[in-house]
Each structure stands twice: as C-alpha cells, then as structure tokens.
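One structure is given below, encoded as structure tokens.
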Amino acid sequence: MMGSSVEFACLLLMLSTLGKNLLVSGGCSGKCCRGRDLICFTKDWRMDRVFGTCYCDESCVRTKDCCFDYFTECPAQDCAVSDWSFWSGCAKHCQPSVRVRVRHVEQRPSNSGEPCPSLEQQAGCREYRDHQGNHCGLNSGPAFIASMEFGKGRRRHDSYGNPLDPGFCVEFTLKSRTPHCTVENRPHTHWMRYITEGFKVCVACEPPAMRNNSGNCQGDGQESDKGALLHWQAVGNPQCRGTWKKMQTTQQCDCPPQHSFVFI
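FYI, in mature numbering (1 follows the signal peptide of the UniProt record, and there is no 0) the residues of the sequence shown are -19 to -1, 1 to 245.
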C-alpha cells in the first residue's frame, strides 16, 4: 500500500506540473512575433472560439487565426516620428529648384500598428544670390510662382530691423495651364490644383523676389505690352505651367486664398 501511495502522489505531481506547463505555454504571453511567422504558434483557444493551433504573429489578424489573447498580449504600437526639421536651402542658385525637410523614426510600428509616414518632403524654392553672394539678375523667362504659404516665411525686416518694401500685387486672368497641375499629390504641391483656367489670380511681388534696383519681379508684366499673353511656371513642378494676361497692379492682393500666389 505504501508503494501505491507514493506512485499515486508522483502521478499527481506529474499531472500538476504538466498542467502548469500547459497553462504557461498557452496564449500569446511572450510570443509576439513580427510579420508572418509560422513557428510563432501555440495550442489554445483561437479568437473564433475553436481550440487548437493558434498564432501570435502580426499576420494572424489578416488570416484570422490569432490566439484569444493576441490583442491584449501583443497590443498594436503605431509608428512615432519626430517633428520636421527646418527647411534646407535651395539645391541650386539663381534658378528654381527644391528645398528639403526631414524627420526621423522614434518608434517603429509593431503588432500591426500604423506604418511610418513619409520621412522627407520637398517643396519648390529659389535662391536670389549666387555662390559669391551677389544678387541674381532678372531674365526674360516666365514668371515663377509658389503658394502664398511660401511667402509667409519671408523676412519682413532687414538685418537692422527696418521694414522692407511691402511690394505690390498683380492681378492676372488665367488663360491656360497644363494638366500636370491637377495630378500633383505631394503635400507641398496641392496648391497647384487650384490654378484654374478663366479665373482671376493674384500674385504678390515681394522682397526678395522683387529686386530693389528694378522694383519688379520676373515675369510680372511690368515691361510687357498691355494685353500681352505672358507665361508662368509653378516652382516645384516644372511641368505645371501656362499663360495669363495682366489685368492690373494693386497695393494688396484680394483674391481668395486658393487663387493667391507669390512671385519667386
């Protein structure tokens, strides 16, 4: 009888230990895996209330074979990024080019969290001085324009704190534009979609686009015949371009925001 009791106690201990191992090995605790991982599985209740093989990898959400506790043991973590850096200088001098700003990943996404957004943005710009620091000369090319948002970043005072010339506004009737203006999806080119044929547009001529020695901006129509068909081009997308006719010069622009631009 003593031998039987010892054997029975050992059997209970084995069953107890086996039960604990099954309990520990079940579910997704400590088993969260990235992507699709076929060895990231266990035996437990699935989310569809079926007992059997279930998975703890990110793809189980799509294949619908996650263990019952996947979302509590493997909570989704969205990508986290830093703030944008300051805009860089223009890539080229004395001609339309691009400026860049970047941000970096602070936390990678996991467990089907939101993926990381774009880490770089580009926008059109133009430098007004050459490599030697001299002012770039005006030429007879088209008027280069950007959104009014670009103008908000311009300095309003010189290095001594004196106010700069506020400039003026030129009103045009838009005659034509290429279809490339309406297909831009980059964040800093959305404004091009609002360049619409037949509408009046306002374009601000401000420093530094307004050269102090000439008092006008490139392509503003000041030196053209009245009613002449003038050419313009959107900075940041050279394929977005067209023609317009000058209506008048005013002190300030009074067009709706989507139809207000700046010479650049």
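Note that CB positions come from ideal geometry on N, CA and C, so glycine has one too.
A quick note: this is a predicted structure, and the numbers were derived from the prediction, not measured.
Distance from Gly196 to Val151 at the Cβ level is roughly 13 angstroms; contact not present, criterion being Cβ atoms closer than 8 angstroms. By the criterion of a C-beta distance shorter than 7 angstroms, Arg89 is surrounded in its chain by Cys60, once the five residues flanking it on both sides are discounted. Residue state for Arg17 is assigned as coil, using DSSP reduced to three classes.
DSSP places Lys12 in the coil class of the three-state scheme, outside both helix and strand. Counted as a single uninterrupted DSSP element, the beta strand (DSSP E) harbouring Lys156 occupies residues 149 to 158. By the C-beta criterion, the stretch 211 to 231 is judged to be in contact with the stretch 153 to 166, since at least 3 inter-stretch pairs fall below 8 angstroms.
For the pair Gly217 and Ala104, the CB atoms are nearer than the 8 angstroms cut-off. By the CB criterion at 8 angstroms, Cys21 and Val62 fall outside the cutoff.
Distance between Leu211 and Gln58, taken at the CA atoms: about 53 angstroms.
At the C-beta level, Arg80 and Trp68 come within 8 angstroms of one another.
In the DSSP assignment, Gly223 is bridged to Arg158, Trp213. In this structure Cys117 touches Cys75 by the C-beta definition: roughly 4 angstroms separates them, less than 8 angstroms. Looking at the backbone, the Cα of Phe242 and that of Gly11 are separated by about 56 angstroms.
At a Cβ-Cβ threshold of 8 angstroms, Asp46 and Cys9 do not count as neighbours. Inter-residue distance for Val184 and Tyr109 is about 18 angstroms (C-alpha atoms, whole angstroms). Residue burial annotation: Asn166 is exposed, with fewer than 16 other C-beta atoms found within 10 angstroms of its C-beta. Residue pairing from DSSP leaves Val42 without any beta-bridge partner. With fewer than 16 other beta carbons inside 10 angstroms of its own, Lys207 counts as exposed. Taking His169 as reference, the option from Arg192, Met28, Ser157, Ser99 with the minimal CA-CA separation is Ser99.
In the DSSP annotation of this structure, the continuous segment of the beta strand (DSSP E) that includes Gly33 starts and ends at 32 to 36.
Annotation: the continuous alpha helix (DSSP H) that includes Thr53 extends over 51 to 54. Of the residues Cys48, Arg43, Ala215, Gly16, the one whose Cα lies closest to the Cα of Arg174 is Ala215. Rounded to whole angstroms, the gap between the alpha carbons of Trp213 and Glu178 is 13 angstroms.
For Gln239, the three-state secondary structure derived from DSSP is helix.
Within the model, the alpha-carbon separation for Pro147 versus Met228 is close to 20 angstroms.
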